[in-house]
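Remarks on the structure that follows.
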Amino acid sequence: MSEMCIGVDLGGTNLRLAAFDGGGTTPLAHRKSRVGEPRDPDTLIARIVEEVTALAPASGRVPVGVGIAAMLRDRRGTVANSPHLRWRDVDFGVRLAAALGPRFPVGVYNDVNAIAYGEYGLGAGAGAQNVLAVYVGTGIGGGLIVDGRLAEGASNCAGEIGHVKVRWDDRAMPCACGGRGCVEAYVGGSYVQTRIRAELAGGAPSRALALAGRVEDVNPGHVDQAAAEGDAWALELWAELSTLLAVVLAGAICLVNPDRLILGGGLLGRTPVLRAHVELALAVAAPAALMEPLSVVDAALGDDAGIIGAALLARRGVSLIEL
Ligand SMILES: [Zn+2]
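Reminder that position 230 of the sequence shown reads as 236 in this note's numbering, one-by-one numbering, no gaps.
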């Protein structure tokens, strides 16, 4: 029997943990609580230690992988910035490793990288060696597995595909990262929602409005349904957004030559017409030689992908923190 390992998902809203053995996707035990307040590093580190201890057996080595909603600076879990936790320049990984002690070797990973690795190991990417996973939810995040290894990069930002610039003129849209013209600022769910409501309020003719009832209630799902019914405005908007996303994806595909592209996230999950447009645009934007070996699939592990991936990374000894 292989050793137990624990995956932790520290997000802006929830702290989730699960214990795994063997390598299956089904957790032996699950724990979930609100991050709540206070959310300073000392408080959250103490809570993680408490939860890990509660899940772990009485003795033996238990690797712990933490996926955190943060931009990291290195392989030692130093958080450069986490808007969700309101942390800046926090030596989180080293402090957590010291608090957990040598029985619990710990690795800290970007949350989207952990999600991508979970899908690679045990989900929609299983069997592939080169995986590009892109999540279009509120924002856009990505993770990359190259030749069977998670690409973490020089400052642990590999996979940050949402902030590739697609516009750079004076009217380029401002992005949550502080930059302008990022693909996220055009295709990220919250931006798409804001734009469709503004355009419909401004008189854009679309069935999406009738489907929702009121402008304030229109969401991308309504626009997708309108597009499915042949609505010209909806189809034009989806064509524009899918082209922007496909051009960025094609760049990554040319660089990595993946055999699997995993698409996930809340926006693409409820807009099948938009997702189909992305695939069509991708076939135009990327060279045939790179599209041939590539299969485009939906994310499969749902909410557990991040804890599965973090646990798997720690079990495999990826970037464990040495004190
Ligand atoms: Zn950005």
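Where a beta carbon is used, it is the ideal one built from N, C-alpha and C, also for glycine.
Under 9 Å between the Cβ atoms of alanine 120 and alanine 289?
No. Outside cutoff.
With three or more C-beta pairs closer than 8 Å as the rule, is the stretch 113-128 touching the stretch 150-163?
Yes: the two stretches touch, three or more of their Cβ pairs being nearer than 8 Å.
Quick one: grab the DSSP three-state call for leucine 34.
Leucine 34 falls in the coil class under three-state DSSP.
Give the straight-line distance between the Cα atoms of valine 198 and methionine 179, rounded to the nearest whole angstrom.
One C-alpha to the other measures close to 12 Å.
Does the Cβ-Cβ distance between valine 14 and isoleucine 54 come in under 9 Å?
Closer than 9 Å, so yes.
Across the stretch 85-100 and the stretch 272-292, are there enough close Cβ pairs to call them in contact, namely three or more that are closer than 8 Å?
Because the criterion of three Cβ pairs below 8 Å is not met, the stretch 85-100 and the stretch 272-292 do not touch.
Go ahead and label aspartate 309 buried or exposed: buried means 16 or more other beta carbons lie within 10 angstroms of its beta carbon, across all protein chains shown.
So aspartate 309 ends up on the exposed side.
Taking the DSSP output, what are the residues bridged to leucine 156?
Paired residues: Ile151.
Could you give the residue range of the alpha helix (DSSP H) that holds leucine 128?
Its alpha helix (DSSP H) spans residues 117-128.
Using the rule of at least 16 other Cβ atoms within 10 Å of the residue's Cβ for burial, across every protein chain shown, is threonine 84 buried or exposed?
With 16 or more Cβ atoms within 10 Å of its Cβ, threonine 84 is classed as buried.
Note down the Cα distance separating methionine 7 from proline 33, rounded to an integer number of angstroms.
Residue confidence is low: methionine 7 scores 44 on pLDDT, short of 50, so the model does not pin down where it sits. No coordinate-derived value is stated.
How should alanine 75 be labelled, buried or exposed, when 16 other C-beta atoms within 10 angstroms of its C-beta is the threshold for buried?
Burial call: buried.
Quick check on the DSSP output: what are the complete beta strand (DSSP E) runs of length 3 or more inside the stretch 301-328, in order along the chain?
Whole beta strand (DSSP E) segments, 3+ residues: 301-304.
Any chance the stretch 245-257 sits against the stretch 186-198, with 3 or more Cβ pairs inside 8 Å?
The stretch 245-257 is in contact with the stretch 186-198.
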